[in-house]
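Residue numbers (our numbering): 44 to 213.
C-beta: ideal position from N, C-alpha, C; glycine also.
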Amino acid sequence: MKWIGALLFIGITTWFGFEWSQNLTKRPKQIRQIKNALQILEAEILYSQLPLQDAFATIAKQIPEPSKSFFSYLAASLEKREIDLFATWENAVKNLMETSSLSSNEKEILNQFGRTLGQHDFSQQQKHIQLTISHLERELEDAIDDQNRYGKMAKSLGFLCGLFIVLLLI
């Protein structure tokens, strides 16, 4: 019975290690999604001159989850005539953080961008989008570095921690 418990414990800690590694792998992909979405938003605002609601709906059709849900929520909220865009944006960012592997740095970058969204003319809005994309690019580099540095280690660490604790208890 002890051995079954020990194997189960090692299995669980190994699973935690694989989950940690998977989150490290997902984060760069999700940052790229957000960057692509902002580039689409820039094009929709500047060239198509669509209202934000329509721009968000267009973006939601073009990108995968979890970013798709983020922009779908924004489009749906604006369709309901939510007056405060920043409050809606903050709620959408909060929901995105719960369903994605993004870190608090990306949350802060997105919230800063949300404060400026719809507040300026086209050229100023374009500058804010480009600034946000450059901040996300920096975070993307950090995420890739973390993935390369800690990805394999997380898998091994989960197994080794479980094995260490089991050996201590035996």
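Rounded straight-line distance, which links the Cα of residue j to that of residue i
i: residue 168; j: residue 155; result: 13 Å
i: residue 48; j: residue 67; result: 29 Å
i: residue 58; j: residue 51; result: 10 Å
i: residue 176; j: residue 112; result: 20 Å
i: residue 124; j: residue 63; result: 39 Å
i: residue 139; j: residue 86; result: 23 Å
i: residue 145; j: residue 160; result: 21 Å
i: residue 186; j: residue 208; result: 30 Å
i: residue 78; j: residue 158; result: 17 Å
i: residue 151; j: residue 141; result: 14 Å
i: residue 198; j: residue 102; result: 35 Å
i: residue 137; j: residue 44; result: 44 Å
i: residue 90; j: residue 122; result: 22 Å
i: residue 74; j: residue 109; result: 11 Å
i: residue 130; j: residue 61; result: 35 Å
i: residue 201; j: residue 210; result: 14 Å
i: residue 118; j: residue 170; result: 23 Å
i: residue 180; j: residue 88; result: 21 Å
i: residue 72; j: residue 84; result: 18 Å
i: residue 135; j: residue 106; result: 16 Å
i: residue 147; j: residue 188; result: 17 Å
i: residue 205; j: residue 212; result: 11 Å
Nearest candidate by alpha-carbon position, reference residue i, set the options
i: residue 149; options: 163, 133, 117; result: 133
i: residue 70; options: 60, 195, 210, 183; result: 183
i: residue 191; options: 78, 65, 110; result: 65
i: residue 174; options: 81, 89, 73; result: 81
i: residue 95; options: 106, 104, 105, 114; result: 114
i: residue 164; options: 92, 56, 97; result: 92
Where residue i sits in the DSSP three-state scheme
i: residue 85; result: helix
i: residue 196; result: helix
i: residue 213; result: coil
Quick check for students: name the residue ranges of the alpha helix (DSSP H) that lie wholly in the stretch 88-131, counting only runs of 4 or more. If we require 4 residues or more, the alpha helix (DSSP H) runs fully inside the stretch 88-131 come out as 95-105, 110-122.
Runs of alpha helix (DSSP H) lying entirely within the stretch 137-182, each at least 4 residues, in chain order: Along the length of the stretch 137-182, whole alpha helix (DSSP H) runs at least 4 residues long occupy 147-159, reported in chain order.
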